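This report concerns only the one structure given below.
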Amino acid sequence: LKSSLHADPYNYGVLGPDLDAMNIVIAAWVRLDPVETSSEAIDDTIRTIVSNKQGGCGAHNNGLSVAVNAWNSGDHRIHLEMGNGVNGCWKIDSGDAKLESGRWYHVAIGFDGDLALIFMDGRQIASGRLGLHDPPSTRPFSVGRFGDGQFPFYGNISHLAVVHPNADWSRE
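This is the structure in structure tokens:
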């Protein structure tokens, strides 16, 4: 699709303004690139859809990430990771619902109070209570990678929407 953002290690997007991650809905169409053979073991790595985290789930790392694959897993599940920089990290994944390479999926995450929700192709596939007492980072979101440039998305991301009730979408 000509309207899609093809994400690779050299082609990212960054979303602003700063948003309260616990009051947003993130939705996108995603397609994983098939990986036949690779010296980088791309199929097993985290493929970030959108994130404002700077790294993993350590106590000093806060923010939110929506990605495919857990660390070195190749599980093809949708993963939501969230941390507040104090209490470590909270995680939820799509369970038995997995993404196949080469096929488009509509993926969305949202929040209902302290309940996080994951959707795939219009149906809720997972939910879980947040264990956070303070909201996570309000850093800008990076598309197709973590904020520190790690974990690029190999595939396509299209029609990304980040909805927030207080967003100011003016360009600087």
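Read the sequence shown against the numbering used here and you will find it ends at 225, with the numbers running on by one and no gaps. Don't be surprised by glycine CBs; every beta carbon is placed ideally from N, CA and C. The structure displayed is predicted, hence computed values, not measured ones.
Buried/exposed call for residue i, threshold 16 Cβ in 10 Å
i, result
"VAL83", "buried"
"ARG100", "buried"
"ASP146", "buried"
"TRP124", "exposed"
"ALA169", "buried"
"GLN107", "buried"
"ALA214", "exposed"
"PRO205", "buried"
"ARG176", "exposed"
"SER200", "Before going on, a small fix: residue 200 reads as Gly here, not Ser. GLY200 comes out buried."
Rounded separation between residue i and residue j - CA only
i, j, result
"ILE77", "ALA161", "11 Å"
"ASP97", "ASN122", "7 Å"
"GLY197", "PHE164", "21 Å"
"LEU183", "GLY155", "32 Å"
"ASN159", "LEU152", "The residue asked about is misnamed: residue 159 is His in this sequence, not Asn. Going from the Cα of HIS159 to the Cα of LEU152 covers about 10 Å."
"ASN115", "ASP128", "24 Å"
"ARG192", "VAL216", "15 Å"
"LYS144", "SER180", "10 Å"
"PRO62", "GLY109", "Summary for PRO62: the model assigns pLDDT 40, below 50, so the residue's position carries little reliability; its value from the coordinates is reported in the next sentence. Whole-angstrom Cα-Cα distance: 18 Å."
"CYS142", "SER126", "18 Å"
"LEU117", "GLY166", "16 Å"
Residue interval of the beta strand (DSSP E) (run including residue i)
i, result
"LYS144", "142-151"
"SER211", "208-216"
"ALA81", "78-85"
"HIS132", "130-137"
"SER126", "From DSSP, SER126 is part of no beta strand (DSSP E); its letter is neither H nor E."
"SER154", "Taken as a continuous stretch (DSSP letters only), SER154 belongs to no beta strand (DSSP E), as it is neither H nor E."
Closer than 6 Å: residue i CB and nearest the ligand NAD heavy atom
i, result
"TRP157", "Looking for the ligand NAD in the displayed structure turns up nothing, as the structure carries no ligands at all."
Beta carbon of residue i nearer than 7 Å to that of residue j
i, j, result
"GLY208", "ASP86", "yes"
"ALA120", "ILE102", "yes"
"SER195", "SER104", "yes"
"MET135", "ALA150", "no"
Counterpart residues of residue i in DSSP-defined beta bridges
i, result
"GLY108", "DSSP lists no partner for GLY108."
"GLN177", "PHE172"
"ALA161", "ALA80 and PHE172"
"GLY116", "GLY136"
"ARG100", "VAL121"
"PHE204", "Partner(s): none; PHE204 has no beta bridge."
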